[in-house]
Structures are given as structure tokens and as C-alpha cells.
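These protein sequence lines map, in sequence, to chains Y and V. Going by the UniProt record's numbering, the final residue of the first sequence carries number 362, and the count climbs one at a time with no gaps. Going by the UniProt record's numbering, the final residue of the second sequence carries number 362, and the count climbs one at a time with no gaps. Ideal placement from N, C-alpha and C gives every residue a C-beta, glycine not left out. Only a predicted model underlies this, so the values are computations on that prediction, with no experimental measurement involved.
2 protein chains.
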Amino acid sequence: MNITTEQMRFWSPEVRELEPYIPGEQPKIQNLLKLNTNENPYPPSPKVVAAVQAVLADSADVLRLYPDPEASALKHAIAAQQNVGVANVFVGNGSDEVLAHIFKAFFVQQQPILYPDITYSFYPVYSQFFAVKTKVLPLNDDFEIVVDDYKQANGGIIITNPNAPTSIALEVSAIEEVLQANPNSVVVIDEAYVDFGAQSAVSLVEKYENLVVCQTTSKSRSLAGLRVGFAIAQPHLIAALEAVKNSFNSYPMDRFAIAAAVASFEDQAYFEAQCQKVIASRDKLVMELESMGFKVLPSKANFIFASLPSKNAGELAAQLREQGIIVRYFNKPRINQFLRITIGTDEQNQRLVDSLKNDILA
Amino acid sequence: MNITTEQMRFWSPEVRELEPYIPGEQPKIQNLLKLNTNENPYPPSPKVVAAVQAVLADSADVLRLYPDPEASALKHAIAAQQNVGVANVFVGNGSDEVLAHIFKAFFVQQQPILYPDITYSFYPVYSQFFAVKTKVLPLNDDFEIVVDDYKQANGGIIITNPNAPTSIALEVSAIEEVLQANPNSVVVIDEAYVDFGAQSAVSLVEKYENLVVCQTTSKSRSLAGLRVGFAIAQPHLIAALEAVKNSFNSYPMDRFAIAAAVASFEDQAYFEAQCQKVIASRDKLVMELESMGFKVLPSKANFIFASLPSKNAGELAAQLREQGIIVRYFNKPRINQFLRITIGTDEQNQRLVDSLKNDILA
């Protein structure tokens with residue numbers, strides 16, 4: 001919409017300058033194959049349904065009452081699944097909210113925070129929102145994080161692992177190197193995609209007082225529609241997140257979100273089985289695409305980052321869209337010849353492959 | 001918990017100074033009568049249950065997909081119920097999140113914002129969080145807002161109407177006076193309790209380009225457990241809220257929250273009937289308490305603010321607690337001889353009256 005200069009006077013001056021994040025689209029098209037926002041192709045654990053049914057008991061009478069502002073039941077379930085203490089857990093309304101609180105809690109410092117040039121595009125948005133200084137460090141030519149770059153003076157570090165949209169993972173030993181080089185900075189490892197084959201840094205939380213690990217239920221737990229994210233860290237860092245959260249919104253987790261997420265964390269077998277299915281489908285899809293001439297970065301995520309040297313990526317994305325297949329295309333320096341493709345079921349991936357083979361590249 | 005000075009170095013300096021909001025407690029005691037957080041004594045509309053069941057269809061498969069980041073269905077339902085356009089509606093994760101975004105969007109100004117000394121105690125917290133300057137204006141001796149005080153230079157105004165915890169409402173004409181006196185400031189009317197007999201300022205939105213009205217589903221719609229709040233304003237102000245929201249969290253409303261709240265807004269008859277029941281019970285309770293010597297401020301809310309001249313209020317709250325009845329007591333200047341008592345069902349209110357008559361004041 002057009003806002004006049006006169007109307008703009010009502011906005012806080014700093015808000016006039018904001019450049020908000022733009023999420024992947026959620027179109028409502030029939031027979032669409034949606035491989036653009038890294039959702040899981042499988043439904044959540046059947047126990048989620050039962051847990052929500054329980055909230056609805058007695059005419060949903062319990063909805064009239066505020067939820068537990070601490071979401072203690074959820075913290076307990078996460079702690080048990082992650083093998084940490086309850087005091088090591090922070091929860092929020094999606095990992096986006098958790099990340100926002102992380103930026104406010106730790107990164108408003110004299111020195112700039114460090115993150116890669118190619119990574120989750122919400123980081124610069126949070127930085128502007130909270131007036132966090134930033135220093136952006138380029139990935140190398142293989143789109144890998146250069147660990148030595150993260151040994152300079154800084155006000156904090158945030159690394160997505162596996163990185164997005166590259167899909168490439170760091171070893172835990174590399175993360176440990178970053179932690180050791182930065183004893184006075186908070187190092188945040190954003191593990192939105194960690195459950196698809198990468199190593200989690202949660203095992204390092206007990207040892208490093210400067211580590212925050214952030215995860216989400218949106219990908220590996222098939223709960224993107226629920227908005228539940230969490231962070232794991234030592235209690236003195238969790239306390240900062242709680243102070244921020246309680247200065248912003250006392251009750252961010254609704255009763256359905258708490259109950260459903262608890263049920264998901266309690267069903268470890270289902271969770272592991274679904275992750276394995278996605279990993280197996282990914283490996284199959286990568287082989288198929290490579291056989292067609294695609295270059296695919298080595299993925300530890302539920303998506304791949306692929307380019308076809310003979311074909312413009314933006315054009316390819318547009319042609320796939322005409323076939324009812326949506327992938328994510330970033331028209332940005334360095335990555336504008338890549339497509340980010342979410343791993344679907346084998347059947348869905350086959351539709352993508354067939355469409356490429358038989359129509360677009362025929 | 002105790003955090004050492006050394007550990008504190010990880011916190012953003014400004015976060016070290018935060019004094020977070022403290023919500024009313026949510027204790028888990030058997031046979032407790034909970035009259036402390038202004039929840040509705042009646043369950044939500046039966047249509048809420050059906051709407052959530054629909055989300056669970058097909059093994060809750062839809063949960064694996066992100067919700068609509070715009071929550072358009074909810075904006076439409078609110079617009080229809082409030083008789084405004086869809087472009088006049090902003091939604092958030094409880095009205096607390098909506099208020100937080102309001103503070104960031106409009107109140108980070110050179111001049112201080114104005115609000116009463118006795119009002120929602122989250123306002124100073126947001127102000128500190130977003131570095132908003134404030135000027136606090138005392139209510140008069142009858143605990144009323146002095147409209148003329150809100151005609152001085154300011155960077156914004158926020159008024160709870162009916163006010164909390166006083167329960168006293170302003171007429172819409174008084175709000176219009178404030179709006180007219182402040183053509184260059186955003187005036188926010190926080191109507192969390194408006195549906196229990198006060199006049200809403202939503203009718204003024206079309207006329208005043210500087211008005212934001214904020215409401216919640218937590219009280220009158222019995223959905224405190226769901227976390228859905230909203231704001232109504234002209235589109236150029238809604239745009240500021242969207243810019244802030246999209247710089248913080250793209251998907252704050254989960255699929256259950258959207259579906260359940262839509263169902264609630266579509267059931268106007270149920271909503272009105274429940275509000276009338278609460279109002280009738282309030283009037284009865286006030287008469288009972290006054291007959292016992294209580295002074296009760298004139299309430300247009302789903303709670304009353306009452307004092308008993310012969311008795312210390314803090315002591316009275318403690319004695320009620322011993323009887324399993326929790327009310328809210330604020331140990332703050334000017335109001336430390338009052339109790340804020342949520343209106344329950346007639347049966348619940350009678351338990352309070354009986355407890356006072358037969359035990360505590362016998």
C-alpha cells in the first residue's frame with residue numbers, strides 16, 4: 001500500500017527504515033507440489049492428535065484459562081528428549097521468535113556479530129530490528145563456512161548448521177573450535193535442519209558457557225503449523241532469554257501448541273523413522289538429479305541446493321512453477337543460479353524428476 | 001537463580017537492566033477458586049471445538065505445513081464481527097504481543113508517551129524494552145483518568161478502557177476529545193475488557209487517522225488459553241504493525257489459534273449471551289459486597305476493584321487464599337488497600353461471599 005509522508009509521521013522513525021523478512025509463499029493452488037518452504041512431507045506423530053483431543057475435552061473448557069506462562073510440561077518433554085536439564089530449555093512461538101529473543105538478549109553489543117553472507121535471511125532483519133551491529137563473512141567458493149574467520153573480535157556469532165540454503169553441515173569439532181576461540185561471546189548454533197543427518201551441538205552445552213543451540217519442531221517434527229521452537233543453553237543464558245520473553249509476552253505458547261509439541265517429543269520412535277525416510281528420499285533424489293547434470297551441494301538437511309550449469313535457475317524455477325511445482329529461488333548474489341528444493345516423499349520427488357526429464361529438459 | 005557478574009558479560013547490557021512483567025499466578029491447587037487473572041467462567045463457543053477437530057482431520061496432516069503468515073481467515077472474521085475492513089485488522093499472539101508491536105511501531109519517539117499511574121503494568125515493561133520515553137499521569141482521587149492531562153505534548157498515548165485494575169470506563173466522547181487534542185500522536189485504546197458494558201472506540205477508527213484500538217479474545221471470548229489478540233486502525237497504521245511483525249516473527253498465529261478464533265468470531269450470539277451473564281453476575285456480586293461494607297469502584301469490566309475500609313487488603317487476600325480463593329492483590333502505592341476480583345459464575349461468586357461472611361469477617 002502507499003503511505004503518504006504525512007501518515008508516516010505516526011510511525012516510530014526507526015520503523016520507517018525496516019526491511020522485513022519475506023517468507024516463502026503459501027499458495028493455494030490445486031494439485032500443487034510445494035517444495036519451497038522445507039516442510040516435512042509426512043504428518044506429525046499420531047500422538048499429537050490424541051493430545052489435542054484431550055485439550056478439547058469438556059467443551060474445551062480449559063481454553064478459558066491462561067496457559068502455563070512457563071510451558072513447563074513442554075520444557076520437561078524437550079529436556080527428556082534432548083538429555084539436558086529443564087533449566088537448560090527455553091521455548092518460544094516458533095524458532096523465529098526464539099531467534100528474535102536471542103538477538104535481543106545477547107547481541108546488542110559494542111562489537112558486531114558475525115554470520116555468513118549466505119545464511120538464513122532473517123538474521124539481517126533481526127539485526128536491524130534490535131540495532132545489532134553486524135559483520136558479514138563470505139562463505140568460501142565451495143559455499144562452506146571458513147571457521148578461522150570466526151576468530152576475530154565480535155559481539156556474538158550465529159551459524160546455521162546445517163547452513164541454509166546451502167544445506168552444508170559443519171562437524172561438531174568445527175563448532176567447538178569456534179566456541180573455544182570466543183570465550184567472551186555468545187555463539188548461537190541454529191539447528192533448524194539438524195535432524196536430517198548432521199551432528200547437534202547440544203552435546204557441547206554442558207561444557208561451554210557461551211553456547212546457545214536453537215531448534216524447531218517445524219521441520220523434523222512436521223509441526224510447522226504449530227509454531228514451537230526452543231533453545232538449549234546453560235541456565236545463565238536461559239535466564240537472559242526469559243527476561244526478554246517476560247518483557248515482551250508472558251504467554252507465547254498456547255494450550256494446543258504445548259500439548260501437541262509435548263506429544264511429539266514423547267514419540268521418539270516415530271520422529272526417528274520419519275527423519276530416516278526423508279534422508280533416504282534425499283539420497284535418491286540427489287542421484288537422479290546428478291544423473292541429469294545437476295550439481296548438488298552435499299546436503300545434511302531436508303532440502304538440497306542444486307544448480308544446472310546449462311540452464312538459468314530463475315527460468316527453471318518459473319518453468320517448474322508452470323508444471324505446478326514450486327521450489328525456492330533466491331535472486332541474490334552468488335546463489336542466483338541455484339534452486340533450493342525441499343525433499344518430498346519418493347512419489348513427490350519422482351514427479352519433480354519426471355517433470356524435468358520429460359517436459360522441461362526434454 | 002543467581003547469575004554471577006562473570007556470566008552477566010554474555011547478556012546484552014540493556015537486557016541486564018530489564019524488569020520483566022509478572023503475570024498473575026496459575027497455581028495447580030485442587031478445588032481452587034481462581035478469581036485472580038480475569039478469565040471467563042464459561043467455556044468458549046461450541047463451534048471452537050468443531051473448528052479444532054477440522055484441523056485434526058487426516059491425522060492432522062495440515063500441521064506439517066506453515067500457517068498463513070497473514071492469518072487472512074482470522075482477519076476476515078474479525079473484520080466482519082467488528083464491522084470494519086480487512087485492511088483495518090492486525091492480529092497477534094495475544095494482545096500482549098500486539099501491544100508490544102504497538103510500542104515499537106509508534107512510540108519510539110522524541111517526546112514521551114503518556115499513560116496513567118494506575119493501569120496495565122505491562123506498559124512500563126514494554127517502554128523499557130523498546131527504550132520508549134514515558135510520562136506517567138496520575139488518576140484523580142476517584143481513580144478516574146483526567147482527560148485534560150492528555151492534551152500536553154507527547155510521543156503517543158495509551159489508555160486502557162475500561163482501565164485495569166480500576167475497572168472504570170471512559171465514555172467514547174472522552175476518547176474523542178483525546179484524539180482531537182493529539183492530531184500528531186498515535187492514541188492507543190486498549191480494550192481488553194470492553195465487552196462487559198463499556199463503549200468501544202472501534203466506531204471512531206474511520207474518522208481518526210491517529211487511533212489504534214486493541215482487543216483480545218482472552219476475556220470475553222473465553223480463549224485465554226489460545227493467545228489471540230488484535231488491533232483495529234486505519235491501514236497506514238496497520239502497515240507499521242505489519243512491518244514490525246514481519247521483522248520479528250513471520251508466523252505468530254498457529255493453525256489451531258487461527259481456526260478456533262475464527263469460529264469464536266463467527267458465533268456472535270454465544271458471545272453476547274456469555275457477556276450478559278458475566279455482567280448480571282457482576283451486578284449481583286457488587287450488591288452483596290457493598291452490603292458487607294466493601295467499597296467497589298464502578299465496574300464495566302469482568303472484574304471489580306474493591307476495598308474494605310475496616311480491613312487490610314493484603315491480609316484479606318491472604319485469608320481468602322487460605323480458603324482456596326485467589327484474588328489479585330497489588331502491593332503498590334495508592335491501590336494497596338484494594339483487591340481485584342474476577343467475576344465468576346453466580347455459584348463461584350456466592351462461594352466468595354459465603355467465605356467472607358461466614359469465615360473471614362464473621
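- Message: Counting beta carbon pairs with one atom in the region 51-62 of chain Y and one in the region 84-103 of chain V, are three or more of them shorter than 8 Å?
- Response: no
- Query: Span of the beta strand (DSSP E) holding T216(V)?
  - Reply: L211 to T216
- Item | Exposure of N246(Y), with buried meaning 16 or more beta-carbon neighbours within 10 Å | buried
- Query: How would you write the range of the alpha helix (DSSP H) that I113(V) sits in, first residue to last?
  - Reply: Counting along the chain, I113(V) falls outside any alpha helix (DSSP H), though it belongs to the beta strand (DSSP E) covering I113 to P116.
- Span of the alpha helix (DSSP H) holding T5(Y)? T5 to M8
- Which residues of chain Y have a Cβ atom closer than 9 Å to the Cβ of residue 376(V), listed in chain order? Residue 376(V) cannot be examined here, being either before or after the span of chain V that is shown, 1 to 362.
- Message: Going by C-alpha to C-alpha distance, which of A57(V), Q26(V), I118(V) and A131(V) sits closest to E17(V)?
- Response: A131(V)
- Task: Evaluate the contact criterion for the region 256-269 of chain V versus the region 38-45 of chain V: three or more CB pairs, one atom per stretch, below 8 Å.
- Result: yes
- Alpha carbon to alpha carbon, how far is A313(Y) from R334(Y)? Give it in angstroms, no decimals. 12 Å
- Could you check what DSSP says for V178(V) in three-state terms: helix, strand or coil? helix
- Sufficient close CB pairs (3 or more, under 8 Å) joining the region 210-227 of chain Y to the region 176-191 of chain Y: yes
- For S299(Y), three-class secondary structure by DSSP: coil
- Item | Classification of N93(V) by the beta-carbon crowding that lies within 10 angstroms, buried from 16 upward | buried
- Message: DSSP three-state label for G229(V), please.
- Response: strand
- Below 8 Å between beta carbons: does that hold for V172(Y) and Q128(Y)? no
- Does the region 26-39 of chain V come within contact of the region 132-151 of chain V, defined as at least 3 CB pairs closer than 8 Å? no
- Count the C-beta pairs between the region 268-283 of chain V and the region 102-112 of chain Y that are closer than 8 Å, then say yes if the count reaches three, no if not. no
- Message: Measuring alpha carbon to alpha carbon, tell me which residue in N161(V), P309(V), S307(V) and S95(V) is nearest G197(V).
- Response: N161(V)
- Item | Proximal residues of chain V, C-beta to C-beta of V125(Y) below 7 Å | S247
- Just the Cα atoms here: how many angstroms apart are S310(V) and D359(V)? 16 Å
- Task: Report whether the distance from the Cβ of G324(Y) to the nearest heavy atom of the ligand NAP is below 7 Å.
- Result: As presented, the structure is devoid of all ligands, the ligand NAP included, so that no description of it is given.
- On the three-state DSSP scale, how would you describe D58(V)? helix
- Message: Could you check whether the Cβ of Y42(V) sits closer than 8 Å to any Cβ belonging to chain Y?
- Response: yes
- Are any of the Cβ atoms in chain V nearer than 8 Å to that of K104(Y)? yes
- Candidates N336(Y), Q7(Y), I326(Y) and A306(Y), of which the one nearest I168(Y) by Cα: A306(Y)
- Is the Cβ-Cβ distance between M253(Y) and K357(Y) less than 8 Å? no
- Item | Outcome for A54(V) when other beta-carbon atoms lying within 10 angstroms are tallied against a minimum of 16 | exposed
- Task: Could you tell me which chain V residues have their CB closer than 8 Å to the CB of residue 368(Y), listed as they occur along the chain?
- Result: What the structure shows of chain Y is the stretch from 1 to 362, and residue 368(Y) is not part of that stretch, so it cannot be assessed.
- Message: Judging by CA-CA distance, which residue of A243(V), A201(V) and A224(V) is the nearest neighbour of I232(V)?
- Response: A201(V)
- Message: On the criterion of 16 or more Cβ atoms from any shown chain inside 10 Å, does S72(V) qualify as buried, or is it exposed?
- Response: exposed
- Message: Here's a check: name, in chain order, each residue in its chain whose Cβ is nearer than 8 Å to the Cβ of F256(V), leaving out the five neighbours to either side.
- Response: V52, V55 and L226
- Message: List, in chain order, every chain V residue whose beta-carbon is nearer than 8 Å to that of N163(Y).
- Response: Within chain V, no residue comes near N163(Y); the closest Cβ sits about 20 Å away, beyond 8 Å.
- Looking at C-alpha atoms only, which residue of L320(V), T342(V) and I326(V) is the closest neighbour of L361(V)? L320(V)
- Looking at Y126(V) and F103(V), is the spacing between their C-beta atoms short of 8 Å? yes
- Query: Since G156(Y) is in the alpha helix (DSSP H), which residue starts that stretch and which ends it?
  - Reply: No alpha helix (DSSP H) contains G156(Y), which DSSP labels as neither H nor E.
- Have a look at Y21(V) and P183(Y) and give me their C-alpha separation to the nearest angstrom. 31 Å
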